[in-house]
Amino acid sequence: MSLSTEITRHELPLEIPFEIARGETVSTTVHVVTVSDGEHTGIGGTGPSPHYGESPTTIEAVLPELCSIVEEIDDPHNLQAIEQRLQTQIRGHPAAKTAISMALHDLVCKRLGVPLYEYWGLDPAESIATSYTVGIDDPETMATRAKAAVDRGHGILKVKLGTDQDRAIIESIREAVPDVIIRVDANEAWDRTKAIRMAEFLETHDIEFLEQPVPAEYPNDLQAVYESSPIPIAADESCIRLPDIPAIADKSDIANIKLMKCAGLREAKRMIHAARAHGLDVMLGCMSESNASIGPACHLAPLLDYADLDGSLLLADDPYDGVPIVEGDINLKAVSEPGTGVSSN
Ligand code: MG
């Protein structure tokens with residue numbers, strides 16, 4: 000029986016409107032791809048980011064052609080050939096390609112009868128906890144949201160900055176939740192001088208690391224911040240594909256890898272191992288996503304130092320179940336059935 004594919008579209012309201020330094024989001028649109036061999040069906044999802052040139056419109060424009068490549072090659076186990084055709088036939092569109100990569104990995108593992116982490120030879124007991132993101136608002140509201148997340152069991156928060164009240168935000172949140180791990184993401188909002196001053200301030204408030212303090216287009220500024228900062232620096236917007244790993248190795252401590260930037264699970268694994276070879280710690284992050292794409296990403300958790308895979312936790316309602324995340328802990332051991340554990344609920 001030959002492979003068949005299907006694409007569905009889902010509008011997903013967020014639990015609370017989500018603001019970062021670049022703008023606000025109230026809902027997210029994801030597309031879900033299924034690849035079926037007649038007996039088993041693999042599922043994967045998109046999480047397009049306008050910052051990297053993708054939107055529901057671009058996803059709808061390219062996904063049918065990407066799916067037709069999968070049907071033409073007609074062998075889900077030949078991931079290498081499919082990945083190469085996707086890359087050479089259509090440039091860019093990483094979120095669309097990632098949905099296909101995830102659906103194929105799910106299908107392959109179902110055919111082989113193993114969970115994805117087992118296919119990769121990873122120990123699910125080595126899984127880690129994800130951070131929970133607090134989007135930009137006034138300092139009091141952010142502190143209230145931080146406290147609410149901690150009361151729900153989260154022990155790691157990621158706080159978005161890039162406002163004219165950044166110091167007040169950190170002071171309010173630290174006062175509200177004195178004992179949890181806090182990471183900060185400035186999403187390129189600062190210049191070099193401000194970033195260095197902020198890094199010094201953040202250290203006095205026991206912040207674990209500072210993500211993307213300066214614009215990716217100024218790598219020398221990132222390097223200057225990295226060289227002066229008393230806390231570790233993570234690269235996100237500066238770290239998109241595999242060739243970016245050596246480029247950020249002398250400009251940051253942590254590579255923030257995302258499936259929706261790098262176009263698939265295979266490229267993400269290559270980036271993880273390259274980052275280790277360059278002495279970088281590894282974080283896996285996400286966009287605004289459902290469990291259809293967060294679930295597969297969670298199978299990489301045993302390879303990570305830091306996880307920021309809270310996409311589904313920020314939705315008002317998720318039509319997909321994935322890897323259970325309980326009080327922040329990515330419970331990979333709970334997935335015992337073949338595949339990625341993603342199913343529609
Ligand atoms: Mg980031």
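Numbering (numbering that gives the first Met the number 0), first residue to last: 0 to 344.
For glycine and all other residues, C-beta sits at the position ideal for the given N, C-alpha and C.
Discussion item. By the three-class DSSP mapping on this structure, what secondary structure does residue 53 have?
Written reply: To locate residue 53, count along the sequence shown from 1; it is residue 54. Coil, per DSSP.
Item to complete: Pull up the distance between the alpha-carbon of residue 170 and that of residue 63, whole angstroms please.
Response: Here residue 170 refers to the residue found at position 171 of the sequence shown. Here residue 63 refers to the residue found at position 64 of the sequence shown. For residue 170 and residue 63, the distance between alpha carbons rounds to 49 Å.
Practice prompt. Would you list the one or two residues that DSSP bridges to residue 11?
Written response: Indexing the sequence shown from 1 puts residue 11 at position 12. In DSSP, residue 11 forms a bridge with 27.
Worksheet entry | Three-way DSSP call (helix, strand, coil) for residue 275 in this model | Numbered from its first residue, the sequence shown carries residue 275 at position 276. For residue 275, the secondary structure class from DSSP, reduced to helix, strand or coil, is helix.
Worksheet item: Quick one: what does DSSP say residue 218 is sitting in, helix, strand or coil?
Response: Locating residue 218 in the sequence shown gives position 219, where the first residue counts as 1. Note: residue 218 maps to helix in three-state DSSP.
Worksheet item: Looking only at C-alpha atoms, which of 130, 52, 272 and 226 sits nearest to residue 345?
Response: Outside the shown range of the chain (0 to 344) lies residue 345, about which nothing can therefore be said.
Discussion item. Less than 8 Å between the C-beta atoms of residue 310 and residue 285, yes or no?
Written reply: For the purposes of this step, residue 310 is taken as residue 311 along the sequence shown, with counting starting at 1. For the purposes of this step, residue 285 is taken as residue 286 along the sequence shown, with counting starting at 1. Yes.
Practice prompt. Would you be able to state if there are at least three C-beta pairs under 8 Å between the segment 124 to 137 and the segment 157 to 172?
Written response: A contact exists between the segment 157 to 172 and the segment 124 to 137.
Worksheet item: So, is residue 12 buried or exposed, given that buried needs 16 or more other C-beta atoms within 10 angstroms?
Response: As a working note, residue 12 is residue 13 in the sequence shown. Residue 12 is exposed by the Cβ-count criterion.
Item to complete: Using beta-carbon positions only, say whether residue 121 and residue 283 come within less than 8 Å of one another.
Response: Taking the sequence shown and counting its residues from 1, one reaches residue 121 at position 122. Taking the sequence shown and counting its residues from 1, one reaches residue 283 at position 284. With respect to the 8 Å criterion, residue 121 and residue 283 are not classified as neighbours on the basis of their beta carbons.
Practice prompt. Spatial neighbours of residue 152 within its chain, please: CB distance less than 6 Å, with the 5 preceding and 5 following residues excluded, ordered by chain position.
Written response: Counted from its first residue, the sequence shown places residue 152 at position 153. Excluding positions up to five away in sequence, the list reads 326.
Discussion item. Just to confirm my understanding: we take residue 19, look at its own chain, exclude 5 residues before and 5 after, and list those with CB closer than 8 Å. What are they?
Written reply: Against the sequence shown, residue 19 aligns to sequence position 20. Closer than 8 Å at the Cβ level, and outside the excluded window around residue 19, lie 134, 135, 159, 161, 184 and 186.
Fill in: Assigned secondary structure, residue 163 (DSSP; H/G/I helix, E/B strand, else coil)
For the purposes of this step, residue 163 is taken as residue 164 along the sequence shown, with counting starting at 1. In the three-state reduction of the DSSP assignment, residue 163 falls in the coil class.
Practice prompt. Would you be able to state if there are at least three C-beta pairs under 8 Å between the segment 255 to 264 and the segment 40 to 52?
Written response: Counting Cβ pairs under 8 Å, three or more are found: they touch.
Discussion item. Less than 8 Å between the beta carbons of residue 208 and residue 166, yes or no?
Written reply: By one-based count along the sequence shown, residue 208 stands at place 209. By one-based count along the sequence shown, residue 166 stands at place 167. No, they are not a contact pair.
Fill in: Three-state secondary structure assigned by DSSP to residue 328
Locating residue 328 in the sequence shown gives position 329, where the first residue counts as 1. Of the three classes helix, strand and coil, the one that applies to residue 328 here is strand, per DSSP.
Discussion item. Taking CB distances under 8 Å as the criterion, tell me whether residue 159 reaches chain B.
Written reply: Protein chain content of the structure displayed is limited to a single chain, and chain B is not contained in it.
Worksheet item: Applying the criterion that 16 or more other CB atoms from any shown protein chain within 10 Å of the CB defines a buried residue, is residue 37 buried or exposed?
Response: For this step, residue 37 is matched to residue 38 along the sequence shown. With fewer than 16 other Cβ atoms within 10 Å, it is exposed.
Worksheet item: According to DSSP, what are the bridge partners of residue 208?
Response: The count along the sequence shown starts at 1 and reaches residue 208 at position 209. Note: residue 208 sits in no beta bridge, so no partner.
Fill in: Distance between residue 252 and residue 279 (C-alpha atoms, nearest Å)
Walking along the sequence shown from the start, residue 279 turns up at place 280. Walking along the sequence shown from the start, residue 252 turns up at place 253. For residue 279 and residue 252, the distance between alpha carbons rounds to 5 Å.
Practice prompt. Leaving out five residues on either side along the sequence, give the residues of the same chain with a beta carbon under 8 Å from the beta carbon of residue 61.
Written response: Translated into positions along the sequence shown, residue 61 becomes position 62. Cβ neighbours of residue 61 beyond the five flanking positions: 89, 92 and 95.
Worksheet entry | Counted within 10 angstroms of its Cβ, other Cβ atoms place residue 25 as buried (16 or more) or exposed | To locate residue 25, count along the sequence shown from 1; it is residue 26. Its Cβ having fewer than 16 others within 10 Å, residue 25 is exposed.
Practice prompt. With a threshold of 7 Å, establish whether the CB of residue 77 neighbours any heavy atom of the ligand MG.
Written response: On the sequence shown, position 78 is the one that residue 77 refers to. Between the ligand MG and residue 77, a heavy atom-to-CB distance of less than 7 Å is absent.
Fill in: Assumed close pair residue 202, residue 230 - CB separation to whole angstroms, cut-off 8 Å
As a first step, residue 202 must be located in the sequence shown, where it is residue number 203. As a first step, residue 230 must be located in the sequence shown, where it is residue number 231. Sure, about 5 Å apart at Cβ, within 8 Å.
Discussion item. Excluding the 5 residues flanking residue 145 on each side, which residues of the same chain have their C-beta closer than 6 Å to its C-beta?
Written reply: Position 146 of the sequence shown, counted from the first residue, corresponds to residue 145. A distance below 6 Å between beta-carbons, with the five flanking residues on each side excluded, links residue 145 to the following residues of its chain, in chain order: 133, 156, 172, 175 and 176.
Worksheet item: To the nearest angstrom, how far is it from the Cα of residue 178 to the Cα of residue 198?
Response: Position 179 of the sequence shown, counted from the first residue, corresponds to residue 178. Position 199 of the sequence shown, counted from the first residue, corresponds to residue 198. Taking C-alpha positions only, residue 178 is separated from residue 198 by approximately 20 Å.
Discussion item. With a threshold of 7 Å (Cβ to nearest heavy atom), would residue 43 be considered close to the ligand ZN?
Written reply: You won't find the ligand ZN in this model; what it holds is the ligand MG.
Worksheet item: Looking at residue 223 and residue 212, is the spacing between their C-beta atoms short of 8 Å?
Response: Counting from 1 along the sequence shown, the entry for residue 212 is found at position 213. Counting from 1 along the sequence shown, the entry for residue 223 is found at position 224. Taking 8 Å as the Cβ cut-off, residue 212 and residue 223 do not qualify as a contacting pair.
Fill in: Residues that DSSP places opposite residue 232 in a beta bridge
Counted from its first residue, the sequence shown places residue 232 at position 233. DSSP lists 209 as partners of residue 232.
Discussion item. If you measure between the beta carbons of residue 289 and residue 319, is that distance less than 8 Å?
Written reply: By 1-based counting over the sequence shown, the position of residue 289 is 290. By 1-based counting over the sequence shown, the position of residue 319 is 320. In this structure, residue 319 lies closer than 8 Å to residue 289 by Cβ.
Fill in: Closest residue to residue 110 among 40, 126 and 85 (Cα-Cα distance)
Working through the sequence shown from its first residue, we reach residue 110 at position 111. Checked all of 40, 126 and 85; the closest Cα to residue 110 is 40.
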